[in-house]
């Protein structure tokens, strides 16, 4: 008799992985807490987080969109202006320190710095440099837009049930005198790089862990019922300042982020970890979900990740989708009929005498 | 002056308004072309005329314009396109680039804007464009959003800039009809055009006959709404009445002068 004898098959490599087709590797995640289709879910983090928002919406879940697309803006232009990508227009939040920064701004613990970037007569937000493709017309406009986003970030904290955060990077750029962080190195999208003022920091395990713990604590104070789902982005670094080869730097970054996420999820009841990173990056999947550049994740990879997510929740997504489609169709039909009647009625009332 | 007014259901209020003021404008003759909702999306230009691309739309147009379903630009001095696009409230903190893009999308990707462009490709005569009426809102709603919205004039001006590129003039909703930057005075929606169509009365009669059969078969009769109940009541906030139409048509004619 030994303790391994009572374990189920998912604990053993051969039956769980080695002898299976990679697409049949299952039961990768057992959720700590339920995530129901009716639960309001906020999604933030590195670029991979946007796949969560899309999949949740597509599959009939309640994605919390706290900075919705303004009425009248076409779908194409909404995407151009980064509406509907994350729960609000923060752009990518790559690091846990950036998450803490946004949380402090949203909960009034700190105020955003006055810094702005100028390029070709347009103003760029150093904390969301790509949110407006051609920048803002003025500093006042940039601040007003950011204030709106900070308000929406607060709403995401206080008005969500689940907060999904995808950890993306350990490498960061800090303003030395202000002590604040940029999501992108000044001088890349806009702004001027100043080597005395702009400091590269490759964050270590301890710092990442502390920033994430502090961010979760602040959010929890604002919303006692909030639960967190952490993931790690499988997308490799575009470039590294660490001095290491980019492949080595990527593996180091991701390993640290994975360890932090795992540690916090293991030790906190209200935090869970979902293994999207493993599904895309681990070697049994042979890199098959990556595009030719070995960096971008192909849609079938995203679909496989999300299929595992919904399977873990024990939810029959097809049924939810079908139910939602039926409900939507019924509501649309009712509305259509009502509108048709109203609109026809208007015309008949005005022109009826001609008949 | 001969005007072709082309529009969706919102043209109904303007027609009622025009009926009440037309005597004061004896030199103006207006032919109305109407089809509900987005049906006018199915118009195309053929031999210099605006024509429907399907029979259903053709019948609708004929129904409301004395049997005519084609719009020949040669027959009119000016064109007025009613509805098929909206002026939405816009949070004033939204960037000017997004505001301009909303204005552009309001014109470029809508039934109203597309009709205007189609007509412009066929004629150099004046084209006027009016939006769906702003929704009638309660005082409480207006109070809540009052400080947040960009002014109506700013939003109209933004669309006008885009429309101007096609030599199209945007006709704003008269000030008197607006209760705020984003809403219509409630009284212009109340009692909005009443149901008095023989078609709908016929439908009710038919339902009564079906009920007689159902009762005879021991089945529960279907609920029948009275014509009075079918008319727009307090909940109808999108469509306006003849008083609104009269004010709007007067504003249109002033703009044309």
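Protein chains in written order, with UniProt numbering: chain A, 1 to 355; chain B, 1 to 257. From the three backbone atoms N, C-alpha and C, an ideal C-beta is built for every residue, glycine too.
Proximity of residue i and residue j at Cβ, strictly below 9 Å
i: residue 270 of chain A; j: residue 309 of chain A; result: no
i: residue 44 of chain B; j: residue 118 of chain B; result: yes
i: residue 347 of chain A; j: residue 67 of chain B; result: no
i: residue 174 of chain A; j: residue 198 of chain A; result: yes
i: residue 73 of chain B; j: residue 123 of chain B; result: yes
i: residue 10 of chain A; j: residue 24 of chain A; result: no
i: residue 218 of chain A; j: residue 100 of chain A; result: yes
i: residue 200 of chain A; j: residue 241 of chain A; result: yes
i: residue 245 of chain B; j: residue 17 of chain B; result: yes
i: residue 247 of chain A; j: residue 236 of chain A; result: yes
i: residue 31 of chain A; j: residue 301 of chain A; result: no
i: residue 29 of chain A; j: residue 43 of chain A; result: no
i: residue 290 of chain A; j: residue 298 of chain A; result: yes
i: residue 156 of chain B; j: residue 79 of chain B; result: no
i: residue 144 of chain A; j: residue 92 of chain B; result: yes
Cβ distance (whole Å) where residue i is taken to contact residue j below 8 Å
i: residue 171 of chain B; j: residue 253 of chain B; result: Not really, about 10 Å apart at Cβ, beyond 8 Å.
i: residue 205 of chain A; j: residue 259 of chain A; result: 6 Å
i: residue 116 of chain B; j: residue 81 of chain B; result: 5 Å
i: residue 232 of chain A; j: residue 166 of chain A; result: 7 Å
i: residue 71 of chain B; j: residue 50 of chain B; result: 4 Å
i: residue 131 of chain A; j: residue 82 of chain A; result: 5 Å
i: residue 104 of chain B; j: residue 21 of chain B; result: With a Cβ gap of about 34 Å, residue 104 of chain B and residue 21 of chain B do not count as contacting.
i: residue 97 of chain A; j: residue 203 of chain A; result: 7 Å
i: residue 65 of chain A; j: residue 87 of chain A; result: 6 Å
Where residue i sits in the DSSP three-state scheme
i: residue 62 of chain A; result: strand
i: residue 120 of chain B; result: helix
i: residue 257 of chain A; result: helix
i: residue 202 of chain A; result: strand
i: residue 182 of chain A; result: strand
i: residue 31 of chain A; result: coil
i: residue 102 of chain A; result: helix
i: residue 12 of chain A; result: coil
i: residue 117 of chain A; result: strand
i: residue 52 of chain B; result: strand
i: residue 230 of chain A; result: strand
i: residue 91 of chain B; result: strand
i: residue 34 of chain B; result: strand
i: residue 188 of chain B; result: helix
i: residue 136 of chain B; result: strand
i: residue 127 of chain B; result: strand
i: residue 319 of chain A; result: helix
i: residue 2 of chain B; result: strand
i: residue 52 of chain A; result: helix
i: residue 227 of chain B; result: Unreliable placement is indicated for residue 227 of chain B, whose pLDDT of 48 sits below 50; the coordinate value is still reported in the next sentence. Note: residue 227 of chain B maps to helix in three-state DSSP.
i: residue 267 of chain B; result: Look at the range of chain B in this structure, 1 to 257, and you will see that residue 267 of chain B is not part of it.
i: residue 167 of chain A; result: strand
i: residue 243 of chain A; result: coil
Exposure label - residue i; buried when at least 16 CB within 10 Å
i: residue 24 of chain B; result: exposed
i: residue 354 of chain A; result: The predicted model places residue 354 of chain A with a pLDDT of 48, which falls under 50 and marks its position as unreliable, so this point remains unresolved.
i: residue 304 of chain A; result: buried
i: residue 328 of chain A; result: exposed
i: residue 245 of chain A; result: exposed
i: residue 112 of chain B; result: buried
i: residue 142 of chain A; result: buried
i: residue 195 of chain B; result: With a pLDDT of only 36 at residue 195 of chain B, under the threshold of 50, the placement of this residue in the model should not be trusted, and no figure is reported.
i: residue 5 of chain A; result: exposed
i: residue 194 of chain A; result: exposed
i: residue 168 of chain A; result: buried
i: residue 240 of chain B; result: buried
Continuous alpha helix (DSSP H) stretch holding residue i: start and end
i: residue 281 of chain A; result: 276-281
i: residue 97 of chain B; result: 96-108
i: residue 158 of chain A; result: 139-158
i: residue 255 of chain B; result: 242-256
i: residue 11 of chain B; result: 11-21
Host beta strand (DSSP E) of residue i (start-end)
i: residue 46 of chain B; result: 43-46
i: residue 173 of chain A; result: 171-175
i: residue 79 of chain B; result: 78-82
i: residue 43 of chain A; result: 40-45
i: residue 152 of chain B; result: Residue 152 of chain B -> not in any beta strand (DSSP E); alpha helix (DSSP H) instead, spanning 152-164.
i: residue 83 of chain A; result: Segment: none, residue 83 of chain A is in no beta strand (DSSP E) and carries neither H nor E.
i: residue 302 of chain A; result: Not the beta strand (DSSP E): residue 302 of chain A falls in the alpha helix (DSSP H), residues 299-312.
i: residue 272 of chain A; result: 271-273
i: residue 74 of chain A; result: Looking at the DSSP string, residue 74 of chain A is not in any beta strand (DSSP E), and its letter there is neither H nor E.
i: residue 17 of chain A; result: No beta strand (DSSP E) holds residue 17 of chain A; DSSP gives it neither H nor E.
Proximity test, residue i beta-carbon vs the ligand GTP heavy atom, cut-off 8 Å
i: residue 67 of chain B; result: Among the components of this structure there are no ligands whatsoever, and the ligand GTP is therefore not found.
Beta-carbon neighbours of residue i, restricted to chain C and to distances below 7 Å
i: residue 147 of chain A; result: Absent here is chain C; the protein component of the structure consists of chains A and B.
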